[in-house]
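Undergrad: Take a look at this one; I'll ask things after.
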Amino acid sequence: MALRDVPTSTPETGRLTRAALRARGLRVAALPVRTDVDDWGAALAVAGEVPDGRFGRAVRRIAAGLAPYAQIRATAAGPSLAASDVP
Numbered sequence: 002m003a004l005r006d007v008p009t010s011t012p013e014t015g016r017l018t019r020a021a022l023r024a025r026g027l028r029v030a031a032l033p034v035r036t037d038v039d040d041w042g043a044a045l046a047v048a049g050e051v052p053d054g055r056f057g058r059a060v061r062r063i064a065a066g067l068a069p070y071a072q073i074r075a076t077a078a079g080p081s082l083a084a085s086d087v088p
C-alpha cells in the first residue's frame, strides 16, 4: 500500500503508515502518542502538552492573530488558552 492510500483517522492508520514507509525502505521510530488534531480544541490540547515545541508556538501565533476577535477557550477535552495568555 502506498502512503497516499493509507486511510486517516482509523484504528489502522498507524500500522498501515509504518508498513507503507518501511516498504519504501525508510526507518520508522515510535514517538510518544499525541492527540489527533482535527479541531481547534484538540490543537490547544496538544499545544498545551508541549508549549515550547514548534506546534505549540504555531498555535500561539494563530491564537494571537485571532485574539482581537474573541477570547479563545478549549473545550473540556483539554487546557484553555485565552487571548490574554498569548505573549
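Numbering of the sequence shown is given in my numbering, commencing with residue 2 and proceeding in unit increments.
Every residue, glycine too, gets a C-beta built ideally from N, C-alpha and C.
Given the structure is predicted, the values throughout are model-derived calculations rather than measurements.
Output the boundary residues of the alpha helix (DSSP H) element that contains ARG16.
TA: Segment 14-24, the alpha helix (DSSP H) holding ARG16.
Undergrad: Since I believe VAL60 is in contact with ALA48 (beta carbons under 8 Å), could you give me their beta-carbon distance rounded to a whole number of angstroms?
TA: Indeed, because the Cβ distance is near 4 Å, the residues count as touching under 8 Å.
Undergrad: By Cβ distance, which residues of its chain are closer than 7 Å to VAL38, with the 5 residues on each side in sequence left out?
TA: Excluding residues within five positions, the ones whose Cβ falls inside 7 Å are ALA44 and VAL47.
Undergrad: Tell me which residue opens and which closes the alpha helix (DSSP H) that ALA46 is part of.
TA: Start and end: 41-50.
Undergrad: From the DSSP output, in three-state form, read off ASP29 for me.
TA: Checking the sequence shown, residue 29 turns out to be Val, not Asp. Here VAL29 sits in coil by DSSP.
Undergrad: Counting C-beta neighbours from all protein chains within 10 Å, is the total for ALA3 16 or more, i.e. buried, or is it exposed?
TA: Looking at its Cβ environment, which holds fewer than 16 other Cβ atoms inside 10 Å, ALA3 is exposed.
Undergrad: Confirm, please, whether the CB-CB distance from ALA24 to VAL7 is below 9 Å.
TA: Contact: no.
Undergrad: Helix, strand or coil for ASP6? Go by DSSP, reduced to three states.
TA: Reduced to three states, the DSSP call for ASP6 is helix.
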